[in-house]
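**Student:**
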Amino acid sequence: MVGVWGVNFAVVKRALATFEPLGFNALRFALASLFVLAVLRSRGPLRWPERSDVPRFIGLGIVGNVLYQLGFILGLERTRAGNASLMLSLTPIFTALLSAASGGERPGPRSWTGTMISVAGVALVTGSAIRLEGTTRTLAGDLLLIGAAMVWAIYTVGAVPMVRRYGSTQATAWTLWVGAAGLLLIGSPALARQDWRAVSAGAWGGLLFSAIFAIGLAYLLWYRGVERIGNTRTAIFSNLTPAVALAFGALLLGEHPSALALAGAALTLGGVMLVRSDVAPKLQPVEA
Numbered sequence: 122m123v124g125v126w127g128v129n130f131a132v133v134k135r136a137l138a139t140f141e142p143l144g145f146n147a148l149r150f151a152l153a154s155l156f157v158l159a160v161l162r163s164r165g166p167l168r169w170p171e172r173s174d175v176p177r178f179i180g181l182g183i184v185g186n187v188l189y190q191l192g193f194i195l196g197l198e199r200t201r202a203g204n205a206s207l208m209l210s211l212t213p214i215f216t217a218l219l220s221a222a223s224g225g226e227r228p229g230p231r232s233w234t235g236t237m238i239s240v241a242g243v244a245l246v247t248g249s250a251i252r253l254e255g256t257t258r259t260l261a262g263d264l265l266l267i268g269a270a271m272v273w274a275i276y277t278v279g280a281v282p283m284v285r286r287y288g289s290t291q292a293t294a295w296t297l298w299v300g301a302a303g304l305l306l307i308g309s310p311a312l313a314r315q316d317w318r319a320v321s322a323g324a325w326g327g328l329l330f331s332a333i334f335a336i337g338l339a340y341l342l343w344y345r346g347v348e349r350i351g352n353t354r355t356a357i358f359s360n361l362t363p364a365v366a367l368a369f370g371a372l373l374l375g376e377h378p379s380a381l382a383l384a385g386a387a388l389t390l391g392g393v394m395l396v397r398s399d400v401a402p403k404l405q406p407v408e409a
C-alpha cells in the first residue's frame, strides 16, 4: 500500500496537467469500483448489508471517499506533492486521538512516541519542497489536505464496526461504491467540459494506475490492516509514503536525495517500527 501511494502523488500530479480534477476523480473511482467488484465476485457471493447498517455505510462512503477525495484532489492541485505528503502525514495523529477519544482503541506509549518521531521524519523528507516564498500560494491546498487527513481518520475509525462485522473486503467495497456514485455526480460537469483530445497516453496510464492500484488495491490493503493490527498501527504506515516517494525518485528519475532527506527517511522508518512493536490494540467488542 505504501509503495503504491508513494508513487501516486507524482502520477496524479502529472495527470492533472491535462485532466479536469473532479472529472479525473470521477473516472478513477468508477474504474476502482469495477476492480473491487471483480475481486469480490472472485471470492464468492456478495453479502448485502443489513438494513440497519445501510445508513452507516452511506455515511462512511460520503466521508471517506467523497469528502476525503475532494480534499485530496483539490488540495494536490493547489500545492506541491511534497507539501501534500507532509499534510497527510498528520493522519496517524488524528487517528490515534480519535481512537483514544472513542474508546475503541487505546494506543500505548510506543505508538504516541513512534508517531511523533515518524512525523518529524516526514518533515525532514519533504522539507525541501516547502519554501517560504511558496507558503502563501500553497496555503489553500495545504489546508484542504489537513482537512482531508482529519476526514480519513474519521473514516478509518468509524468503519471499524463494519470491518469487524462484514470483513475488510466487503466493508471497503460498499463504502467505495457509495463514494463512487457521489463523485460521479459531482464530476459530471467536469467530464462534460473535458478536452479529451488533450489527454495524453501518459495521463490515461496515470488514471489506470491510480484507479486500480492507489484506490482499488490500496483501499483493500488499508482495511485488511485495520482488521489485523488496528487503526493506529495501520495509519502510521502511511508516514512511510514520502520516504518511498524519495526512493522512487532516485531510482526512476535520477534524483539524488540530500543527507537531510535520508535522515528523515530513517526517522520515519524508525517511528513506524516503534509503533508496530507496541502492544496489541485494545478493541471494544462490537455487537454482531
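Counted the way this note's numbering counts, the sequence shown spans residues 122 to 409. In this text, a Cβ means the ideal position worked out from N, Cα and C, and glycines have one as well.
1. Exposed or buried, what is V128 when buried is set at 16 or more other beta-carbons lying within 10 Å of its beta-carbon?
2. Counting only the same chain and skipping the five closest in sequence on each side, list residues whose C-beta sits under 8 Å from that of E254.
3. Can you confirm whether Q190, when its beta carbon is compared against all beta carbons of chain D, has any partner nearer than 8 Å?
4. Spatial neighbours of Q291 within its chain, please: C-beta separation below 6 Å, excluding the five flanking residues on both sides.
5. Would you say N360 and V243 are within 8 Å of each other, going by their C-beta atoms?
6. Examine the Cβ distances between the region 185-198 and the region 134-148 and report whether three or more of them are shorter than 8 Å.
7. Can you tell me whether W295 is buried or exposed? The criterion is at least 16 other CB atoms within 10 Å of its CB, across all chains shown.
8. For A221 versus P228, is the C-beta distance shorter than 8 Å?
9. Alpha carbon to alpha carbon, what distance is there between P363 and A250?
10. Name the two residues that bound the continuous alpha helix (DSSP H) containing W126.
11. Mind checking S475: buried by the 16 CB within 10 Å criterion, or exposed?
12. Would you kindly report the start and end of the unbroken alpha helix (DSSP H) that includes P176?
13. Look at the alpha carbon of I307 and the alpha carbon of A131, and state the distance between them as a whole number of angstroms.
14. Residues in its own chain within less than 6 Å of G346 by CB, not counting five upstream and five downstream?
15. For the 8 Å Cβ check, are there 3 or more pairs between the region 170-189 and the region 271-287?
16. Can you say whether A322 is buried or exposed, counting buried as having 16 or more other CB atoms within 10 angstroms of its CB?
17. Could you tell me the boundaries of the alpha helix (DSSP H) in which A311 lies?
**Tutor:** With the given structure in hand:
1. buried
2. Reliability fails at E254, whose pLDDT of 40 lies under 50, so the model's placement of it is uncertain and the value that follows must be treated cautiously. Cβ within range, chain order: n/a, list empty.
3. Although the question refers to chain D, the structure presented lacks it and comprises just one protein chain.
4. R168
5. yes
6. yes
7. buried
8. yes
9. With a pLDDT of only 49 at A250, under 50, the local geometry of the prediction cannot be trusted, and the value read off the model is given with reservation. Between A250 and P363, the C-alpha separation is close to 11 Å.
10. V123 to A136
11. With the chain covering only 122 through 409, there is no way to say anything about residue 475.
12. V175 to G182
13. 24 Å
14. T355
15. yes
16. exposed
17. S289 to R314
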